[in-house]
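Those protein sequences? They're chains R and F, same order as listed. Using this note's numbering, the letters of the first sequence correspond one by one to residues -11 to 614. Using this note's numbering, the letters of the second sequence correspond one by one to residues 694 to 1749.
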Amino acid sequence: MKIMKFYILILSVLMIASCDNYLDIIPDNIATMDHAFRDKTRAEQYLFQCYSYMPRNGLPQSPGRFDDFMWSHKGVDWLNQLQYIILRDRNNANNPHLSYWSGTGGATNLFIAIRDCNTLIERINEVVDMDQFEKDRWAAEAKFLKAYYHFTLLQMYGPIPIIKENLPISATKEEVSVFREPVDKVFDYIIQLLEEAIPYLPLTIQQLVMEQGRITQPIALGLKAKVLVTAASPLFNGNTEYKTMVDKRGMQLFNQTYDPAKWDKALTACQNAIDTAHLAGHALYAFQSVGLSDTTRLIAQPSRIVSDKWNPEHLWGTGHFSVSRMSEEFTIPALEANHNPFCRSVTVPTLKAVETFYSENGVPINEDIYYDYPNRYELTVVQEEEYLFAQPKVVTAKLHLNREPRFYGSIGFDNGWWYGIGRFKEKEQWPINAKAGEASGPRGIERLSLTGFFVKKLSNFNASYNNTSYVTSAWDFPIIRLADLYLLYAEALNETLDAPNDDVYHYVDLIRERAGLKGIVESWSTYSIQSEKYKTKEGMREIIQQERSIELAFEEHRFWDVRRWGLSTREFNGPVQGWYYQGEDDAEFYRVTTVDDVIFTNRDIFWPIRNYDISVNPNLLQNLGW
Amino acid sequence: MKKRKMFLLGRKALLFVNLFSIMLLFNIGSLKVNAERKRSNSEISILMQQHRTVKGKVIDDKGNPLPGVTIIVVGSTRGVSTDLDGSYSIDVKTTDRLTFTFIGLESQTIEVDEKDVIDVVMKEQAELLEEVQIVAFGKQKKESVISSITTVKPSELKVPASNLTTALAGRMAGLISYQRSGEPGRDDADFFIRGVTSFGYSARPLILLDGLEVSSSDLARIQPDDIASFSIMKDATATSLYGARGANGVILVTTKEGKEGRARTSFRYETSISSPTDKVELADPITYMKLGNEAIKTRDPLGVTRYSREKIDKTAQGLFPIKYPATDWYSMLFNDHTLNHRFNFNVSGGGKIARYYLAATYNQDNGNLKVDKMNNFNSNVQLNRFLLRSNVNINITPSTEVIVRLYGTFDNLNGPVEGGTAIYNKVMRTNPVLYPAYYPADEANKHTQHILFGNYEDGGYLNPYADMVKGYQESTSSKMVAQFEAHQDLGAFLHGLSVRGLYSTNRYSSFAVNRFYNPFYYSLGGFNEATGEYSLYNINPLQGTEFLNYSESAKTVNADTYMEFAANYEDTFSDDHTVGAMLVTYFSNFVAGNAGNLQSSLPRRNMGISGRSTYSYATRYFIEGNFGYNGSERFDKNHRFGFFPSIGLGWVISNESFWNGRLKKVLPMIKFKLTDGLIGNDAIGDVNDRFFHISQVNIGGGQGYTFGSEFGYTRPGITIGRYENPNITWEISRKTNLGLEVNLLDMFDINVDLYKEYRKNILMTRTYIPVTMGLQAPSRANVGEAKGEGIDFSIDFNKSFTPDFWMTGRFNFTYATSRYVKVDEPDYSATPWRSLVGQKIGQTRGYVAERLFVDDNEVKNSPYQAADAMGGDIKYKDINKDGIIDDFDMVPIGYPTHPEIIYGFGLSSGYKKIDFSFFFQGLGQESFWLDTNATAPFIGNQQLLKVYADSHWSESNRDLYAIWPRLSNITNSNNNKISTWFMQDGSFLRLKSVELGYSIPERLSNKLLMENLRFYVSGTNLLTFSKFKLWDPEMAGNGLGYPIQKVINFGLQISF
């Protein structure tokens, strides 16, 4: 009894004391997703978040950065993070490099990006202080990005799941275990998204200071053209190599019959994109400068096309990740001791890139009847009249001479010149001296060009530095530029015809003319040992492919182009070569040296899906060979 | 600003109160003793008239004479008191009886009879001697305790270190503990009660200091001299009252209170020599260069070697050390040993009304970094720690007691800007042959005021010497605790009823400021080998500064309050039925002033009601039921409270009537115990990830994007840190304990506990959600389950062979193991070795290394491992035989990274004035890995361990079982995998402590007016036995950090 009394007494006291409110500590107005769509300022942040997942275009971490044209050395650990490792060491399914699917290996998970885009599309109408046209425009931008992210994944992985709408967090295992969809379905969905977005996008950006770089109609149409050209290209159009990719549902993931109508669609899209770009004021860029000879102007031009910021040729550029500074630090050689702190000069052209550029006659060096192709690695003395191309009276390889202006403008070589970085008089350019012990030669085990060449194109000649500071002159890295569209157009048109017509030549010649070269017809018929090459569909296809590789070299296109052309196992497989960079004199330096031997087989065309992700979702079919 | 001032004021006020109470209590104590002395002196003259005289001497149980003992003839007012020697004489009749009384000691009444001499030994009051056991929210008679609780004598925790946590390993059955670093101020040991049975974020036990929750670093600061009891609570009945917080076990520490009696003062001073237990051996510079070249050439025959033949030869000859430096960074930076000091003072005493215990401690711990003479500041690690404690008990009425405890710890830590461990780590990553620590001034720098620190190329190399001497960090931290407790005996209302209230609050603050210059780095420009002239080149003229810069580190401020109300009831009916009941309700609140974000800044709160009821019959059968009903602020309203009941049964077989005769002699006490119950854990997720029922959206926390023609329009984005899930709730542990307590021959106390534990509702990431969902934060749920089991075992031995010779011994053994039972993971039924289910918690997964590849040919003909695999690299086993080494071939390897076995044993003995004790401690079933990233030679200029230099695969010596595989100048992804190759056995046995003491004879100490004076020499970590030789095995994978210290200590103890 006594105990009962005790308990009743105490319990009643305690119950009063223990008010549940004590644990209610969460105040109202804790930030939730609702707050993101209450006002325009927050919604704008959300839109910027959607943009933030963009692959790192213009940076050494970008997936397209390293192809058979650009390489790096592996002397120190941090360089292994660069993505040339995908080619050099091949990818793996355990812990894939640059997995934009899983968000590992130096990449972001693009499915997160797509989810964010979906959220914005779903909820942008909740914002109260925005006009409808603005909401529509932002939703259209999100749709564009959603399409772009799907396309990026498609290029890497082939068939991918389509994320039309977001699944709720509470979704069951069955609902979340999605399948990879056939590539045609994915292409169709990407095009559908772009078509939904295009009417609501502006033709041009009005508020340049705040909005330059945001998506416009020409960008969306440009991407649409590129997507459709990709869909029509051999990799995705009737590619029987992937016949066995049939998933659990019995779904064939790659179409098995070639469909020429896809090129017609691509051609129309290219035409539309070019027309709209012209309408919006985009035009081929030509570098103008007073006091420079035409030769030097043409040599400086390739780098100006890329790094003269927001020039009219850029349909779509990005300056987000301080790309320009990074690009420059990774490519410019040290031209004197003071440059040491800022010049890593580790991403460098391969011998293959060097040899791809045309001769001074505008045809491939191995076709040029006047070019001493078999003896190209032999040494010669630079003649006085060649002083704008290389340092006169010094010994250099024949390979470096008698080349087209774009070669001198895109690639720096031993005993050549470097225009800019404080030296703007053409007779006072920086000399490049790249042998061991010279200013641009290897410094330590870290800062060196493995091939003895340097990328000139990805830097702004207005940048400046000494041993303590680096003054950036920022520029936007072009993701889509007009020359790209012209060449896509020519490619698509050539594919739809039995033999190329003048229109095909015309669009390629626009690029050649700008580069200081004669037209295709004249060049080939006059200088090439294959003087009839341009007359056939196949020959013209090759010409367009080489033109594309030269014009867009180092701009992250070739990595994808070669894949879609179905040529990657041919092009990417094999030795990576350069001069012997440790050489201290001419005899030692000018020896072709293999720096890496790349094995690239069918399985390397598409990225592997991480093993773990397949364990989690067994509905996913692994890519072939992984 | 205002808040800061208030805070400072608050601190001042607390200090003042503390000082005031110290003064007050000194006075109370001394007044009382004086008053008693006066009274007895005046009465002596009256008693001189009696005709028969009895003489004698009164001593305490240690043989010390007791002055001031009152001796009164029963039934009269006559009495005397003893003099300084404890002697007395009194006139009596033979029929008289004498009562001897002394504060704090048990009174004795003795009949005179015909005795002429009556010597009396007075003992401490019996009620204090009765064995009680600290239990949750109270005390119980030891005999009636059926929970599994281990108590350690505070004296056993006295090791010559100022960090209490380093003394715990092996001292208590049931506690797993190990220490990974020896840097003063950063050397806290890790400890777990009965191992780790959760894979949530925290497996740390709840630590309560006088009822208040404290952190493990607070525990580290507690002075063993101040501890009254130190217990760990292990099973369900012991911890279920703590409900939400007790699942990982509870450590209960109470501090000493004053005892009635004169002021007893004791001082302790120790000075110790501290040196690393072990030094990591590095290869000599010549070998470094030779193998550095080999590392490049062996991987890439075209590669450029770093060190020329000339450089290697001239370095070997010791020519031109400026041009060909060979820097021994270790001896350049570190001293072999350092001196530390500890000083401790306490005084306690009191009277009927008030009792006090006051203590002050000062410790100084120094690091072993060298200091450059060119700076006037000290950049060595120095930790000055000051502790102050005042515990005061006041009996306001005979039934009301009030206790005030004030406690403050103040740390001042001085050290290099980045901390001592960082310096140790940097030495490992610094090239020994490229540049010296500093250059002597060349001609051009004759008048330069700053140190010409060495560096190379563009100045991007490490110079740990520069980092060490460039400046210093001053950090302070302080913790103030104030506690108020009141007891009210309500026996008048209901016999055996009492209530108690406790209010406790503490404030913690810490900050650090850094003062440093930016070192000027120089590299060698030219060197004339003919004349020895040289010129230096300043690499960083712009960055370097001669003047000091200043920066501030993060500041921490937080406040903790705790309230507790309890009612206790205990009574015995009809002699045999003892009932007890206890109810307690508590509220805790923690707020941080620098939480970093809104959600973390919200207070952390717990509240609960807990109860205990006990019943025993005739001290033979015991039953106990406990419950905790607890709430945590972390969960959704519907899941906020958890109910955690437990039950226990006990049987003291030795109290049965049949237990008698010889049986009782051999086994005076034997008790069986069985307990079972549930306990909760709300420490799930992460300390800053608490509110699972609401989402966390970081507006402005995302990367965002930049637009604009001038790249000038940037908006940060919005990210999601957590998706809401209202169903997340408590992690629950069910603990079952079977215990046996035996006393053998009144000499051995044996305790054995077997336990089982089952955890469920462990928070886990849902793995069925694929990455294609695009979630930014994992989706989680209470789905994990784990089980643990083990044994705690201890034997205590206690024997006095002669009055002069005594011996005590102790052996402890703890084995705790745990396994995953249910884990949210993909379906691994086809490859069962990939599943965590059944794997030990804390066990590492990795590849099974077979040996090194013989040559490149073997690599080609073996399953594919990695692009950079070559001959001499590690060959792994293809577990699933698919011809490729990948995730599918990873299996659980080795033992967990925390030990499963901890044991300790030691003996203490005394002969007359000499005492000696030693203690061994060991651990077993622990694996660790050589950190291939931290030890891989040549990667980023990393040093070369001597063992690697001596044993590695090379083309000329293809040792397939060499310690290090083929050298490489860049990280080799094949060898860098976690595998059995670099797995080490972490077990060791070490002489943890040894002590030899000598107390000076009483005659001498009495002359010095001392009760006791003792000198002692002690040592810790003097000997270690282990298979692992590279560094102290207790540091495990952290071996390149600040080493664990070996300490030789000289001490002096004085008590008055």
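Virtual Cβ for every residue (Gly too), placed ideally from N, Cα, C.
If we cut at 8 Å on Cβ distances, does residue i have a partner in chain F?
i, result
"F594 (chain R)", "no"
"E301 (chain R)", "no"
"K231 (chain R)", "no"
"K386 (chain R)", "no"
"F99 (chain R)", "yes"
"N605 (chain R)", "yes"
"M118 (chain R)", "no"
"V336 (chain R)", "no"
Does the distance from the C-beta atom of residue i to that of residue j stay below 8 Å?
i, j, result
"M1728 (chain F)", "R873 (chain F)", "yes"
"L1291 (chain F)", "I18 (chain R)", "yes"
"V1530 (chain F)", "A1479 (chain F)", "no"
"T1020 (chain F)", "P1133 (chain F)", "no"
"V997 (chain F)", "Q570 (chain R)", "yes"
"Q612 (chain R)", "I597 (chain R)", "In the sequence under discussion, the amino acid at residue 612 (chain R) is Leu, which differs from the Gln named in the question. Against a cut-off of 8 Å, the Cβ pair of I597 (chain R) and L612 (chain R) comes out as no contact."
Does chain R have any CB closer than 8 Å to the CB of residue i?
i, result
"F1546 (chain F)", "no"
"L1235 (chain F)", "yes"
"M1466 (chain F)", "yes"
Which two residues bound the contiguous alpha helix (DSSP H) that contains residue i?
i, result
"I73 (chain R)", "I73 to R76"
"H302 (chain R)", "Taken as a continuous stretch (DSSP letters only), H302 (chain R) belongs to no alpha helix (DSSP H), being part of the beta strand (DSSP E) at H302 to T306."
"A254 (chain R)", "A249 to L267"
"Y39 (chain R)", "K28 to Y39"
"V217 (chain R)", "Q205 to A220"
"M1161 (chain F)", "P1157 to V1162"
"K1553 (chain F)", "D1549 to K1553"
For residue i and residue j, I'd like the C-alpha separation in whole angstroms.
i, j, result
"P877 (chain F)", "N1077 (chain F)", "10 Å"
"T1664 (chain F)", "N1626 (chain F)", "8 Å"
"N1491 (chain F)", "S1601 (chain F)", "10 Å"
"N1124 (chain F)", "E1222 (chain F)", "23 Å"
"G722 (chain F)", "G1042 (chain F)", "Its pLDDT being 38, under 50, G722 (chain F) is placed unreliably by the model, and the measurement read from it follows with that caveat. Taking the straight line joining both Cα atoms gives about 7 Å."
"K725 (chain F)", "T1169 (chain F)", "Confidence at K725 (chain F) is low in this model, with a pLDDT of 40, below 50, so the placement of that residue should be treated as unreliable; the coordinate-derived value is given next. Roughly 40 Å separates the two Cα atoms."
"N80 (chain R)", "F1283 (chain F)", "48 Å"
"V1547 (chain F)", "D1652 (chain F)", "8 Å"
"T1489 (chain F)", "G1597 (chain F)", "This sequence places Asp at residue 1489 (chain F); Thr is not what is there. So the alpha carbons of these two residues sit roughly 12 Å apart."
What residues are listed by DSSP as bridge partners for residue i?
i, result
"I1693 (chain F)", "In the DSSP output, where bridge partners are listed per residue, I1693 (chain F) has none listed."
"V813 (chain F)", "F:V751"
"P1585 (chain F)", "F:R1538"
In the DSSP assignment, find the beta strand (DSSP E) that holds residue i and state where it starts and stops.
i, result
"H23 (chain R)", "Here H23 (chain R) belongs to no beta strand (DSSP E); instead the alpha helix (DSSP H) covers M21 to A24."
"V351 (chain R)", "Unbroken run through V351 (chain R): none, as it is neither H nor E."
"N1505 (chain F)", "F1498 to K1515"
"T1368 (chain F)", "M1362 to N1374"
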